[in-house]
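Asker:
In this note's numbering, the protein residues as written are 24 to 464.
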């Protein structure tokens with residue numbers, strides 16, 4: 024029994040000794056492979072190290088002796104043509120790589136991706152004859168309510184009750200100036216209502232997409248304000264008072280204001296002030312005076328079919344009111360004041376405003392912006408063009424709070440209309456519809 028165990032032990036030891044050389048050879052080969060210079064090159068490529076570092080490592084590695092399988096693995100790992108060429112040439116010339124620093128630079132440059140081609144719509148701004156002249160931007164005018172404290176007695180006598188003729192004249196003048204189109208007219212009388220609606224729209228109580236968004240209220244360049252000094256007849260000149268309203272209704276029509284047995288024209292006069300909104304400097308002062316074309320023994324609402332003459336029955340913007348002699352005087356006064364304001368337009372300084380918009384269309388080498396003179400754009404303005412990388416949104420409302428952008432070029436505006444501008448582009452890549460633009464000068 025003991026002899027058998029001894030025999031088995033001897034055979035086992037002999038077998039182990041016989042296998043040891045082969046195992047050791049494989050282990051050594053694996054270690055050699057793991058530590059080979061080519062395996063290091065593989066690791067550098069897989070880690071996406073800079074190409075220049077890989078080329079330098081190849082240059083100092085000596086002969087790498089790559090096999091066809093090695094070339095396949097190099098390409099699969101992401102090796103560039105320059106790296107594969109350097110591996111193939113390794114060891115030439117006495118065991119050193121033939122890739123010198125200058126050669127490596129040339130190979131790297133050849134393998135590097137070509138820079139993006141200049142945009143096909145690029146325009147050299149120096150070839151554009153652009154000279155900034157007088158501002159083509161519309162001035163922004165705010166109109167204040169007109170004070171009528173000095174004519175309250177006359178107003179009450181004419182209308183049979185107190186009527187805020189200051190608001191009535193404000194509405195008429197605003198309409199007239201807006202129709203003339205010289206100015207951009209901004210709302211100030213009901214500004215708080217506008218702000219309240221924006222605040223409501225920013226809350227979660229209004230359906231998204233229908234809400235008024237928070238925005239910047241347009242600032243005025245100038246404010247037109249004034250006082251109604253005469254409304255009815257010019258008592259300063261003739262010393263005749265307005266008298267009393269004839270209360271009797273004649274066929275449903277209100278009678279005129281009796282002024283004794285005299286026959287007078289109706290007169291409306293406004294003392295105005297045009298004031299710079301930023302400096303409070305008075306730009307212009309004066310008076311606008313309107314007279315009726317007809318004479319009457321009363322300057323009230325004779326011929327007005329609006330009812331009793333009280334607040335509810337009088338609409339100063341109606342055609343019926345304009346046909347009365349006091350209406351004729353009011354309309355003429357407003358027409359004259361509007362003409363004076365239009366004549367003073369160039370005396371008002373235009374505020375330098377920030378303009379942001381988007382590209383609306385691209386046709387040939389012309390870029391159309393969704394902003395024009397109404398937004399403060401002027402000929403020869405320059406804009407920065409950027410593509411939107413990401414929108415930053417409110418997680419609750421979805422409102423866009425900010426934009427992450429990347430500049431792609433600039434625009435030079437050559438033509439401006441009310442709501443759109445035409446510009447030319449110069450930059451590193453082609454702009455697209457929807458890219459954002461921002462005025463830079």
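Note that beta-carbon positions come from the ideal geometry of N, C-alpha and C, so glycine has one too.
Kindly list the residues whose CB is nearer than 8 Å to the CB of residue 200, restricted to its own chain and excluding five residues on each side of it in sequence; keep chain order.
Answerer: Cβ within range, chain order: 164, 166, 206, 208, 361, 364 and 365.
Asker: By the 10 Å Cβ neighbour count, where 16 or more other Cβ atoms means buried, how is residue 462 classified, buried or exposed?
Answerer: Result: buried.
Asker: Excluding five sequence neighbours on each side, which residues of the same chain lie with their C-beta closer than 8 Å to the C-beta of residue 151?
Answerer: Excluding residues within five positions, the ones whose Cβ falls inside 8 Å are 435, 437 and 447.
Asker: Quick check on the burial criterion: 16 or more other C-beta atoms within 10 angstroms. Buried or exposed for residue 401?
Answerer: That one is buried.
Asker: Quick check on residue 432: buried or exposed, where buried means 16 or more other Cβ atoms within 10 Å of its Cβ?
Answerer: The residue is buried, with at least 16 neighbouring Cβ atoms inside 10 Å.
Asker: Could you spell out the range, first to last residue, of the beta strand (DSSP E) harbouring residue 447?
Answerer: 444-450 is the span of the beta strand (DSSP E), which, as asked, contains residue 447.
Asker: How close, in whole Å, do the beta carbons of residue 456 and residue 392 come, if the pair is a contact with beta carbons under 8 Å?
Answerer: Their Cβ separation, rounded to whole angstroms, is 11 Å, which puts residue 456 and residue 392 out of contact at 8 Å.
Asker: Within 10 angstroms of the Cβ of residue 305, are there 16 or more other Cβ atoms? Answer buried if so, exposed if not.
Answerer: Residue 305 should be labelled exposed.
Asker: I'd like the ranges of any beta strand (DSSP E) spanning at least 3 consecutive residues and lying wholly in the region 390-457.
Answerer: As far as the region 390-457 is concerned, its whole beta strand (DSSP E) runs of at least 3 residues are 405-416, 423-439 and 444-450.
Asker: Going by DSSP, what residue range makes up the beta strand (DSSP E) through residue 287?
Answerer: That residue, residue 287, is in no beta strand (DSSP E); it is neither H nor E in DSSP.
Asker: Quick check: what's the CA-CA separation for residue 450 versus residue 406?
Answerer: Straight-line Cα distance between these residues: approximately 12 Å.
Asker: Pull up the distance between the alpha-carbon of residue 245 and that of residue 169, whole angstroms please.
Answerer: So the two alpha carbons sit approximately 16 Å from each other.
Asker: Comparing C-alpha positions only, which one of 346, 288 and 63 sits nearest to residue 102?
Answerer: If we check each option's Cα against that of residue 102, 63 comes out closest.
Asker: Out of curiosity, what's the CA-to-CA distance linking residue 367 and residue 172?
Answerer: Between residue 367 and residue 172, the C-alpha separation is close to 27 Å.
Asker: Short of 8 Å in beta carbon distance, which residues of its chain neighbour residue 413, apart from the five on each side in sequence? Order them along the chain.
Answerer: Closer than 8 Å at the Cβ level, and outside the excluded window around residue 413, lie 426 and 427.
Asker: Tell me the DSSP secondary structure of residue 381 in three-state form.
Answerer: The answer is strand: DSSP assigns residue 381 an E or B state.
Asker: So residue 8 and residue 355 are in contact, right, with Cβ under 8 Å, and what is the actual spacing, rounded?
Answerer: The structure shown does not extend to residue 8, since the chain spans only 24 to 464, so no value can be given for it.
Asker: As a quick exercise: from 346, 371 and 458, pick the residue whose alpha carbon is nearest that of residue 384.
Answerer: Of 346, 371 and 458, the residue nearest in Cα terms is 458.
Asker: According to the neighbour-count rule (16 or more other Cβ atoms, all chains shown, within 10 Å of its Cβ), is residue 440 buried or exposed?
Answerer: Classification for residue 440: exposed.
Asker: Excluding the five sequence neighbours on either side, which residues of its own chain have a C-beta within less than 7 Å of the C-beta of residue 100, listed in chain order?
Answerer: Cβ within range, chain order: 65, 68 and 69.
Asker: For the alpha helix (DSSP H) that residue 359 lies in, which residues bound it at each end?
Answerer: Element bounds for residue 359: 348-366.
Asker: How should residue 81 be labelled, buried or exposed, when 16 other C-beta atoms within 10 angstroms of its C-beta is the threshold for buried?
Answerer: Flag for residue 81 reads buried.
Asker: Please confirm whether residue 249 and residue 177 have their CB atoms less than 7 Å apart.
Answerer: Cβ distance not < 7 Å, so residue 249 and residue 177 don't count as in contact.
Asker: With C-beta atoms as the reference, is residue 297 less than 7 Å away from residue 307?
Answerer: Yes, they are a contact pair.
Asker: Taking only the alpha-carbon atoms, compute the straight-line gap between residue 174 and residue 203 and give it to the nearest angstrom.
Answerer: Roughly 29 Å between the two C-alpha positions.
Asker: Exposed or buried, which one is residue 381 when buried takes at least 16 other CB atoms within 10 Å?
Answerer: Counting Cβ neighbours within 10 Å, residue 381 comes out exposed, since fewer than 16 surround it.
Asker: Just to confirm my understanding: we take residue 475, look at its own chain, exclude 5 residues before and 5 after, and list those with CB closer than 8 Å. What are they?
Answerer: Residue 475 lies beyond the residue range present for the chain, which begins at 24 and ends at 464; the question has no answer from this structure.
Asker: What is the residue span of the alpha helix (DSSP H) that residue 199 lies within?
Answerer: Counting along the chain, the alpha helix (DSSP H) containing residue 199 begins and ends at 188-203.
Asker: How long is the line joining the alpha carbons of residue 399 and residue 444, rounded to whole angstroms?
Answerer: About 11 Å.
Asker: Can you tell which of 349, 395, 183 and 192 has the C-alpha that lies nearest to the C-alpha of residue 357?
Answerer: The shortest Cα separation from residue 357 among 349, 395, 183 and 192 belongs to 192.
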